[in-house]
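Trainee:
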Amino acid sequence: MNRMTVIIGLVILTAVVIVPLSRQDKPEQAKIPPPPGNETMQENGAPPVNEGLEVVALYPPGGQTPDTEIIVYFNEALADFQPPEGTTERAITTIPRVWGIDLIKNNYLRFSGDKIIKGAFDDPKITQLEIVLHENLRSVTGQALAPEMRRHFFDAPPPHIASARLEDIAEQNAVVQVTFSRVADLSLLPDLLSVVDRYGNPVDAAVSPDSNGFKAMLSFPLATEPPITIAVAPGLRWGENNRYVAADMSARYPKDTSLKAYIGEVKTGTQPSIELLFSQQVPLQWLQTLTTVKIADSGDSVSFAIASSEPPGPAASRATLSLSSIPEIGDANNLMVEISPWLRSVKGERHLANTAIGESRSSGRADRRERQRFFEMYYNYWETNMADGLVLRLNFSHAVSPDTFKEHVTITPPVELVVAEGDRWSRGLRIKGNFKSETDYTLRIAGGLKDSNGKTVLVEDSSFALQTTPLRKGAAFDTTHLYYFPRRNMARPAVQARNITEAEVTLAQVFPSNLPVFVRDFSGSGASPHLLAQYAREIGRVKVAFPEAPDTLLAGAADLDALLPADSRGVFIMTVNPSYDHRDSSRALIYTDLGALTHWTNKELVVFAHNLFTLEPVARAEVTVYSNKFQPIGATYTNEDGIARFMSFEAAYGAPALAVIKADNDYTFVDLLRQQETKDAFTASMPHYDRDGYDAYIYLDRNLYRPGETARIRYLVRTRYVDAVADVPFQLRIANPQGRWIYETPVTPNEFGAGTLSFKTEQTHPTGKYRVELRVPEAPTPTGRATFNLEEFVPNRMRAEVKYDCERLAPGATANIHVKAENLYGGPAAGRKTEARVYLRPTTYATDAWPGYHFGNEDVLEDKLIQLGEAVTDANGMAAFTYTFAPPPGATMPLEAVVGARVFEVGGRAVSDTTAVKALPAEVLPGIAVAPRDDAEVLDVHVVAIRSDATAADLDTLQLTLEREEWNYHVRGFGHNHQTRWEKEFRLYKTLEVPLSEGKVSAQLPYPDYGTYRLRVHSPETPMYSALHFNRWWGQLRVVSSARPELISLSVDKELYQAGDQLRLRIESPYDGNAFVVAQGEKIHEQRVVPVEGGEGAATLVVPHEWFPNAWIQVTVVRDTAQQEGSQYPYSSFAMINVPLDAPDRRIAVSLPDVPEEIRPSEPYTLRIATHDAAGAPVAAEVTVAAVDEGIHGILGYDNPDPYQWFQRSRRFGLRRAHYYE
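Everything in the sequence shown is counted per the working numbering, starting at 103 for the first residue and increasing by one.
See below:
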């Protein structure tokens, strides 16, 4: 007689204060009569207008050339511009005409064109840009511009040599055209211009100025060794009426020597010829003039003619030279070809690099194809940044590793190369070194250079003339974060500089009413020269001096203590001038004694305000919340605990974006859109809170059916987590294993919020896994889902269970493995053949002793299967095996030792079970945790070394290795087919050795350049290592697997709570301070401040019913720095813990009275079921009963339905918190 399982599924009865925002846009023009006097009659006889509107400043100032914008500042705020009726005239126009956008705001008019303004000066004939202000411009008081105020001029940049290019080869002379960036009096050029060859020898060059005023031709002998340097002494006059005198200027030509020439096929005999191959098409007429063919032995010249070319025409990349038939030629190896370096490509300015082509040799077609893959430099240019100075960017035709390149490259004048770093996406390199500004460098690459595949791509030495290095000078704040938070009494922000001896820092205070628009403008657009004028009042300026050290990174500090007000705090703007990079020219300085922490949702917000250093609560602080639409959406005051609470924000006004806190003579803000990255405790399976949404639970009497059998589907639908949903239409549908919907029907839950559907499968239905979904019609996601399998099967008659006698395995440790077999119809399965085997697979390791740390890596381990032999179960159905853990070779990560046991039925079919324990291949395991810093481009790295028992290992040091991820591209040929393949490798970036204290240490790693990286922690004392990956793009760093080790530990006194229970929260912290506690679920439920003394804090909370089904307690512990030396800035740590709730009043107790111990087949039986509520009173309920062969359930592991646990499962929310602690 088969044992049956009876499944019983039960239906569960289950004030805002608005304050006005100071307007940052201009007020509407008031209709105020003009004041008397200062009136001028218009030419057209119209009434006089007041001409009191004046232009007080222009940007850019001081003769600087506009780049992307022009700003005109006035003595009054401007009214909206009104063009003449029927026209589309603009408030500002330019001569010559430049497209742009004009914007009137407060007292300035901005004309912006995204570098198009500067582009107007690309025409060398343009010597100045005139701006014309429209006569209809008015101030808000009706004042107009006087005619003399309407026109203003910006001079073009002074002339320089824009380009040089070989234009002709004539009578053994090279003719080079020199183009200047601006029209000048070139009649002066013959007296000012000089030319020297590559060795500095003077060159006799004839100068022929062009009549257009910006071009001139230079003619000099072909024997001149390039590159040549063209210099023009000071004195060249330019500008309107030649009123300006240009400074000295120079250029080098050619700069690009990437044209390559090779010899292809050589024929000797009665009709000798040489085939020349070029990387670019060259002029054949010049080739005839500039080429010499010689007999190697005698040095005698051989006359030739160009017999053919490919493609046909005046220029070609392949040319055949027909040689005179001279007997002394001999074989092909006795010929040499020399081509003058003045040969250039038809397009561009590429000149020949390898002038001596070398000995010729016969070549088959395959060899010629191979040699046509020339090694070329596609481009080179200079990058500049404050940290590295000048950085050379190179791009080649072949991928070359940085190490190989460094071995083959020399730069003249000599430069000590710091690093040559490969570019991730191109065949490029970035070279850093002690390069000097305004210097001409030559790059020489030695022959024998190999590409990343080990193939030689450059046989002969090649030289490349690089672009002249630019002069970049200025200063910048030494912090990558937009906001600078000085420590108390330490307002000395660091300033870096290059190529200057003095910088000026301007300090201005932001008006509190301007904070909403200032923060958005500043954080969204970054540093801008207009911030001070728009949002703040200037307080003062301070000089920062630097030593005379060209092309050196210099450090200084701006002493702002004397400028900052002694009796007030707030938000300030720092601007440094001259700026090295406009993005680093301004920083917001938050000089405050106020600390603030916020938690919020789109509907509510809580703020903790306290003294930043003593942590004392700040009572009666005014807190105003602004939305992302710049609207004030709430204002209130903090209570005696320094807490302010906002509820029920109106969605129409936008989501919370900024909290402004004011107290006495101090104010600050918390930018909610720049929230901190926080490690949460949510799991992927947790749904989000949705009290008013629908939640469905679907179950079946089995999870395995044969084709043709009927699947009985039961569903329950709830809202508000446990309330039944009745008489609401839903759609139930079933998908086959191919994902095609094969059944759909409308269903409506009954008064219990439940329903049943019987689905008859067909013999023709494909086998596999079927999906059942219940959803609201047209909804994007299902309300509930379940699966079942359709297969041919025979029910199990037995079950097996396997267990280890330990929790983890160390190297050489022996584990006992116990297998238990039991007949489903009762009693142990004695005398059954049993097998066991262990499978080792990589895994990660986690331990409560080291929360937040990652132990493991992505290395691949060869499959390892260990057979443990056979045994026979004893009278109790037990069989025993032993396994000794021997770490496999090459194991560098924690392993999982998965033991699988099979017990065979009498007929030979096996039932199986598996279990696993962690296995550590070495005694010492390094671990790592990382987290990006919020206040700087720095990665906080925490490393640890532990033993197999999770105690700290006795190691003195660990090594941190940063590696850059690279992908190599290969094409494999198979006849006419080609197969592409990408291979990943990690290239060493840097290695650090860090000392350990009690098995752990923390370090800081500056952000590397853009790319994908792997950070490994390892030691020569152990083969195991751990690694994390992160991406560095667009000024941000995203850790693929990030965690900040939790410095604080939270615990509660129960695993499950009921409404009305007291919850005792315990907080453990390595430092004292205050714990800011927030309980949050569907909404923010409660907040409080808890002192942490002696490393411990405690709080007692009453759990209300509204926390159901669960709530999360979030704790931020902020360190007390009042007694710390140096008044260090406070830092914080965060942790959260789940508080699940039980609702026993929603559970129905089920009993089966009078169930006999045995029921015979075909014997009638009446099943009696009793249902009671939590108080023991009888309750009406709908019951589902299913009788199923237990052997069927054992095949795939059927879990008994538990709707009660399903509906009260834990939920998650969108964690939002922001502060400015470290």
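Here a beta-carbon is modelled for each residue, glycine too, at the ideal position from N, C-alpha and C.
What you are looking at is a predicted structure, and each value in this text was computed from that prediction instead of being measured.
Is DSSP giving I513 helix, strand or coil here?
Mentor: strand
Trainee: So, is D553 buried or exposed, given that buried needs 16 or more other C-beta atoms within 10 angstroms?
Mentor: buried
Trainee: Can you tell me whether T391 is helix, strand or coil according to DSSP?
Mentor: helix
Trainee: Counting C-beta neighbours from all protein chains within 10 Å, is the total for R1166 16 or more, i.e. buried, or is it exposed?
Mentor: exposed
Trainee: Can you name the start and end residues of the alpha helix (DSSP H) that P292 belongs to?
Mentor: 291-294
Trainee: Return yes when the Cβ of L760 is within less than 8 Å of the Cβ of Y739, no when it is not.
Mentor: Not in contact: Y739 and L760 (Cβ atoms no closer than 8 Å).
Trainee: Using 8 Å as the cut-off, can you tell me whether the segment 927-944 makes contact with the segment 989-1007, which would need three or more C-beta pairs spanning the two stretches below that distance?
Mentor: yes
Trainee: Based on the DSSP secondary-structure assignment, which residues constitute the bridge partners of G933?
Mentor: Answer by DSSP bridge pairing: none, since G933 is not bridged.
Trainee: Output the residue ranges of the beta strand (DSSP E) runs that lie fully inside the segment 826-902 and measure 3 residues or longer, sorted by chain position.
Mentor: 832-837, 843-849, 856-862, 870-877, 886-892
Trainee: Would you say N898 and L806 are within 8 Å of each other, going by their C-beta atoms?
Mentor: no
Trainee: What is the C-beta distance between V368 and L437, in whole angstroms, given that I count them as a contact (C-beta under 8 Å)?
Mentor: 7 Å
Trainee: One question on the structure: do G576 and Y693 come within less than 8 Å of each other, judged by their Cβ atoms?
Mentor: no
Trainee: Are the CB atoms of D1222 and G1175 nearer to each other than 8 Å?
Mentor: yes
Trainee: What did DSSP end up calling G46 once you bin it into helix, strand or coil?
Mentor: Lying outside 103 to 1324, the shown extent of the chain, residue 46 is not represented and no answer is given.
Trainee: On the DSSP bridge list, what partners appear for V772?
Mentor: A761
Trainee: Out of A246, P168, R574, state which residue places its alpha-carbon closest to the alpha-carbon of A181.
Mentor: A246
Trainee: If you check the beta carbons only, do E706 and I1186 fall under 8 Å apart?
Mentor: yes
Trainee: What do you get for A1267, buried or exposed, if any count of 16 or more other CB atoms within 10 angstroms of its CB means buried?
Mentor: It should be noted that the sequence gives Tyr, not Ala, for residue 1267. Classified as exposed, Y1267 has fewer than 16 neighbouring CB atoms from the shown chains inside 10 Å of its CB.
Trainee: Out of V646, I194, S564, Y637, which one is the CA nearest neighbour of I602?
Mentor: Out of V646, I194, S564, Y637, V646 has the C-alpha closest to the C-alpha of I602.
Trainee: Does any CB atom of chain D fall closer than 8 Å to the CB of F957?
Mentor: Reference to chain D is not applicable here, since this structure consists of a single protein chain.
Trainee: Can you give, in chain order, each stretch of the beta strand (DSSP E) that sits fully within the segment 1040-1125 and has at least 3 residues?
Mentor: Taking 3 residues as the minimum length, the beta strand (DSSP E) runs contained wholly in the segment 1040-1125 are 1040-1049, 1059-1076, 1079-1097, 1102-1108, 1113-1121, in order along the chain.
Trainee: Would you mind listing the beta strand (DSSP E) stretches within the segment 950-978 that are 3+ residues and don't spill past its ends, in chain order?
Mentor: 966-974
Trainee: Whole angstroms is fine: what's the gap from S447's alpha carbon to V298's?
Mentor: Cα to Cα, S447 sits roughly 23 Å from V298.
Trainee: Taking only runs that begin and end inside the segment 338-373, name each unbroken beta strand (DSSP E) of 3 or more residues, in chain order.
Mentor: 351-355, 363-369
Trainee: What is the DSSP secondary structure of R1011, reduced to helix, strand or coil?
Mentor: coil
Trainee: What's the call for I533, buried or exposed, on a 16-neighbour Cβ count within 10 Å?
Mentor: buried
Trainee: P329 and P356: beta carbons closer than 8 Å?
Mentor: yes
Trainee: Do you know whose CA, among S1050, P1263, D623, I408, lies nearest L378's CA?
Mentor: I408
Trainee: Given a cut-off of 8 Å on the beta-carbon distance, is the pair L665 and V678 in contact?
Mentor: no
Trainee: Just to confirm, is the Cβ distance from R1116 to E1065 under 8 Å?
Mentor: yes
Trainee: Which residues bound the beta strand (DSSP E) around Y480?
Mentor: Residues 479-487.
Trainee: Is the segment 303-317 close to the segment 349-365, with three or more CB pairs under 8 Å?
Mentor: no
Trainee: Terminal residues of the continuous alpha helix (DSSP H) containing H1295?
Mentor: 1292-1298
Trainee: Are I271 and L392 closer than 8 Å when you measure CB to CB?
Mentor: yes
Trainee: Per DSSP, E998 forms a beta bridge with which residues?
Mentor: R943, K1020
Trainee: Quick one: give me the first and last residue of the alpha helix (DSSP H) that W1308 is part of.
Mentor: 1305-1309
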